[in-house]
Amino acid sequence: MRPAGAPHWAVVGVLALVGVLVALQGTLLLPLVSQLPEIYHVSPVKASWIITSTLLAGALATPIIARLADMFGKRRLVLITVAVMVLGSLLLATIEQYAVAVAGRALQGFAAALLPVALSIMKEILPPQRVGSGIALVSATLGIGSAIGLPTAGLMYGALGWNSLFWMTGALGVVVAVAAWWILPASPPTSPRQRFDWLGALLLLLALTPLLLVIAQGSEWGWLSLQIGVLTTVSVVALAAWIPWELHTDHPLINPRLAARRRVVLTNVAGTVIALGMLANLLIASQQLGSPDFVDGGFGLSAGATGLVMAAPAGILVLAAPAVGRLLGRYGGRRVLVLGALVMSTSYVARVFLDRSVLEVVIGAVLVGLGTSLAFSAMPMIIMSAVPPGHTASANGVNSLCRMIGTSVSTAGIAALTASTSVIVNGRAYPSAQTSHTAFVLCAAAALIACVLAWFIPRHGETAWRPRGLVGGQGNGYVGRAEQ
Numbered sequence: 000m001r002p003a004g005a006p007h008w009a010v011v012g013v014l015a016l017v018g019v020l021v022a023l024q025g026t027l028l029l030p031l032v033s034q035l036p037e038i039y040h041v042s043p044v045k046a047s048w049i050i051t052s053t054l055l056a057g058a059l060a061t062p063i064i065a066r067l068a069d070m071f072g073k074r075r076l077v078l079i080t081v082a083v084m085v086l087g088s089l090l091l092a093t094i095e096q097y098a099v100a101v102a103g104r105a106l107q108g109f110a111a112a113l114l115p116v117a118l119s120i121m122k123e124i125l126p127p128q129r130v131g132s133g134i135a136l137v138s139a140t141l142g143i144g145s146a147i148g149l150p151t152a153g154l155m156y157g158a159l160g161w162n163s164l165f166w167m168t169g170a171l172g173v174v175v176a177v178a179a180w181w182i183l184p185a186s187p188p189t190s191p192r193q194r195f196d197w198l199g200a201l202l203l204l205l206a207l208t209p210l211l212l213v214i215a216q217g218s219e220w221g222w223l224s225l226q227i228g229v230l231t232t233v234s235v236v237a238l239a240a241w242i243p244w245e246l247h248t249d250h251p252l253i254n255p256r257l258a259a260r261r262r263v264v265l266t267n268v269a270g271t272v273i274a275l276g277m278l279a280n281l282l283i284a285s286q287q288l289g290s291p292d293f294v295d296g297g298f299g300l301s302a303g304a305t306g307l308v309m310a311a312p313a314g315i316l317v318l319a320a321p322a323v324g325r326l327l328g329r330y331g332g333r334r335v336l337v338l339g340a341l342v343m344s345t346s347y348v349a350r351v352f353l354d355r356s357v358l359e360v361v362i363g364a365v366l367v368g369l370g371t372s373l374a375f376s377a378m379p380m381i382i383m384s385a386v387p388p389g390h391t392a393s394a395n396g397v398n399s400l401c402r403m404i405g406t407s408v409s410t411a412g413i414a415a416l417t418a419s420t421s422v423i424v425n426g427r428a429y430p431s432a433q434t435s436h437t438a439f440v441l442c443a444a445a446a447l448i449a450c451v452l453a454w455f456i457p458r459h460g461e462t463a464w465r466p467r468g469l470v471g472g473q474g475n476g477y478v479g480r481a482e483q
């Protein structure tokens, strides 16, 4: 039961704050990547591991923590995960050493696992008619965290120093932990307590770690290098061992039968493709606004001004959250996902031409952000309608993992594109108009592919779950019906 004095709006507020925290961990250091070698006195290749460690830890922790949340209670795992993230922030804030930075950022990466757990809590706590609005609000706050984090990082670094970034994230983590402990209900586990699938987790780790390293380091090592070949082989072999193990074990980490359902698999693939374009919107907008005005496509805004400008579209998305929720309630997740991907695609095409003023850049960012919010709000609704109640967190965890893989590919792609199309002025490289235009066209194509995938998600008639083949034979005879 919810604690006394914790109305629904308070629960949603805490979970929205979780969304901001998740987004900050993923985007805070992106504007400062070029500064990392100087800060830690290492080569650019070694410095890249400070970013890569966050990605690896987040991707590996998400399915594991999501499954543990289903098994042992969601509030408990929220508190544990936030504590791990705060520990990482404290290490980064107090010890300025390279090895500690890699470890601290890895601990901060655990925050990525909070999102699927938060969405699952919302599904359990809110009345059905308010779930859509709540998910839309959390999706919007992800945009706020990204929009504020990108420019604020540069501003705080310049004014208060490197350590201030991590004191800020640590303090926010403490606020989230206290609010979660006070507001969120200590609901009982939705899955019976069973043995955790440690072998499945190990095999998944062996499959994902090489894959993510290939994505993150491929351009640096060379796509045809021996390292890439070995890592790819290890990933494929581990995946080939993981799938049959998960199919035959009594309590799998991720149930392949659920993950392979058409509604789930198409949603996850669409989510991966949509994530390719999500980060590019805010990252390139920040680059456009902050680049000197003597560079083609730059506007010469300060870090503070860029932060204020980028906060505006994020605020608009928060205000639009109730409308997104109503769309979900009226038309269902599939139609809203199709609409969101279509809005993203057309908006990215528009962004090619909306670059003559700050206002045009903001309008373009708002339009793409609206499509992203629609799509990201729809996916959890589709996923949670297709799995048993005891698997909502782990199912959302897989969707989050797919989106993280898409974001990783996007980050690597934008970095490679920027390196190949930047202009050199006074010995310094700046993103050019060609950089942004090429990225926008590629993102428009990716969103259009996601739109087509979403169109083929079954509209109705597919049962959400059956007892046969589920974890531990659960189901209790319940057969749900997929959302329209």
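Going by numbering that gives the first Met the number 0, the first residue of the sequence shown is number 0, and it counts up by one from there.
Glycine included, C-beta positions come from ideal geometry on N, C-alpha and C.
Thinking residue 298 and residue 357 are a contact (beta carbons under 8 Å), I'd like their distance in whole angstroms, please. Working through the sequence shown from its first residue, we reach residue 298 at position 299. Working through the sequence shown from its first residue, we reach residue 357 at position 358. Confirmed, about 6 Å.
Out of 250, 76, 309 and 350, which one is the CA nearest neighbour of residue 289? Looking up residue 289 in the sequence shown gives position 290. Closest in alpha carbon position to residue 289, among 250, 76, 309 and 350, is 309.
Which term fits residue 261, buried or exposed, when burial requires 16 or more other beta carbons within 10 angstroms of its beta carbon? Your numbering for residue 261 matches position 262 in the sequence shown. Exposed, since its Cβ has fewer than 16 Cβ neighbours within 10 Å.
I'd like to check one pair, residue 392 with residue 127: are the Cβ atoms closer than 8 Å? Here residue 127 is taken as the residue at index 128 of the sequence shown, counted from 1. Here residue 392 is taken as the residue at index 393 of the sequence shown, counted from 1. No, they are not a contact pair.
Closest to residue 450 by C-alpha separation, out of 272, 91 and 194, would be which residue? Translated into the one-based positions of the sequence shown, residue 450 becomes position 451. Among 272, 91 and 194, the Cα nearest to that of residue 450 is on 272.
Kindly provide the ranges of any alpha helix (DSSP H) runs that are 4 or more residues long and lie completely inside the stretch 217-284, ordered along the chain. Within the stretch 217-284, the complete alpha helix (DSSP H) runs of at least 4 residues are 225-247 and 255-258.
Measure the CB-CB distance between residue 339 and residue 112 and report whether it falls below 8 Å. Within the sequence shown, residue 339 is the residue found at index 340, counting from 1. Within the sequence shown, residue 112 is the residue found at index 113, counting from 1. Against a cut-off of 8 Å, the Cβ pair of residue 112 and residue 339 comes out as no contact.
Once the 5 residues before and after residue 264 are set aside, which same chain residues still bring their CB inside 7 Å of it? Position 265 of the sequence shown, counting from 1, holds the residue named residue 264. Counting only Cβ-Cβ distances below 7 Å, and skipping sequence neighbours, we find 258.
May I ask you to report which of helix, strand or coil DSSP gives residue 315? One-based indexing of the sequence shown puts residue 315 at position 316. Helix, per DSSP.
Alpha helix (DSSP H) containing residue 518: first to last residue? Residue 518 falls outside the range modelled here, since the chain spans only 0 to 483, and no answer is possible.
Same chain, Cβ closer than 7 Å to residue 347, neighbours up to 5 away in sequence not counted: Mapped onto the sequence shown, residue 347 falls at position 348. 276, 367, 439, 442, 443 and 446.
Going by CA-CA distance only, name the one from 202, 355 and 52 that's closest to residue 102. In the sequence shown, counting from the first residue as 1, residue 102 sits at position 103. Its Cα nearest to that of residue 102, the residue 52 stands out among 202, 355 and 52.
By how many angstroms is the C-alpha of residue 239 removed from the C-alpha of residue 31? Taking the first residue of the sequence shown as 1, we reach residue 31 at position 32. Taking the first residue of the sequence shown as 1, we reach residue 239 at position 240. Roughly 38 Å between the two C-alpha positions.
Under the three-state reduction of DSSP, which class applies to residue 455: helix, strand or coil? As a working mapping, residue 455 is identified with position 456 in the sequence shown. In the structure shown, the three-state DSSP call for residue 455 is coil.
Residue 84 versus 97, 121, 125 and 23, residue with shortest Cα-Cα distance: Position 85 of the sequence shown, counted from the start, is the residue given in the question as residue 84. Cα-wise, what sits closest to residue 84 is 23.
Tell me the rounded alpha-carbon separation between residue 354 and residue 418. Position 355 of the sequence shown holds residue 354. Position 419 of the sequence shown holds residue 418. Each residue's alpha carbon lies about 21 Å from the other.
Please confirm whether residue 58 and residue 282 have their CB atoms less than 8 Å apart. In the sequence shown, counting from the first residue as 1, residue 58 sits at position 59. In the sequence shown, counting from the first residue as 1, residue 282 sits at position 283. Inclusion of residue 58 and residue 282 in the CB contact set at 8 Å is not warranted, their separation being larger than that value.
Shortest alpha-carbon distance to residue 124 belongs to which of 10, 105 and 60? Along the sequence shown, read from residue 1 onward, the residue named residue 124 stands at position 125. Nearest Cα to residue 124 within the set 10, 105 and 60: 10.
Which residue comes first and which comes last in the alpha helix (DSSP H) that contains residue 37? Start at 1 with the first residue of the sequence shown, and residue 37 comes out as number 38. Residue 37 -> alpha helix (DSSP H) spans 35-39.
For the stretch 128-139 and the stretch 404-414, state whether three or more C-beta atom pairs, one from each stretch, are separated by less than 8 Å. No, the stretch 128-139 does not touch the stretch 404-414.
Since residue 21 is in the alpha helix (DSSP H), which residue starts that stretch and which ends it? The residue labelled residue 21 in the question sits at position 22 within the sequence shown. Taken as a continuous stretch (DSSP letters only), the alpha helix (DSSP H) holding residue 21 covers 7-26.
Going by DSSP, what residue range makes up the alpha helix (DSSP H) through residue 115? Indexing the sequence shown from 1 puts residue 115 at position 116. Here the alpha helix (DSSP H) through residue 115 covers 113-124.
Taking the continuous alpha helix (DSSP H) assigned at residue 183, which residues delimit it? The residue labelled residue 183 in the question sits at position 184 within the sequence shown. Per DSSP, residue 183 belongs to no alpha helix (DSSP H) and is neither H nor E.
Can you grab the Cα-Cα spacing for the pair residue 421 / residue 434, in whole Å? Here residue 421 is taken as the residue at index 422 of the sequence shown, counted from 1. Here residue 434 is taken as the residue at index 435 of the sequence shown, counted from 1. The alpha-carbon atoms of residue 421 and residue 434 are separated by roughly 7 Å.
Beta-carbon proximity list for residue 233, same chain, < 6 Å, skipping 5 on both sides: The residue labelled residue 233 in the question sits at position 234 within the sequence shown. Excluding positions up to five away in sequence, the list reads 209.
For the stretch 194-202 and the stretch 242-251, state whether three or more C-beta atom pairs, one from each stretch, are separated by less than 8 Å. Between the stretch 194-202 and the stretch 242-251 there are three or more C-beta pairs closer than 8 Å, enough to call the two in contact.
Excluding the five sequence neighbours on either side, which residues of its own chain have a C-beta within less than 6 Å of the C-beta of residue 16, listed in chain order? If you number the sequence shown from 1, residue 16 lands on position 17. Here the set comprises 175.
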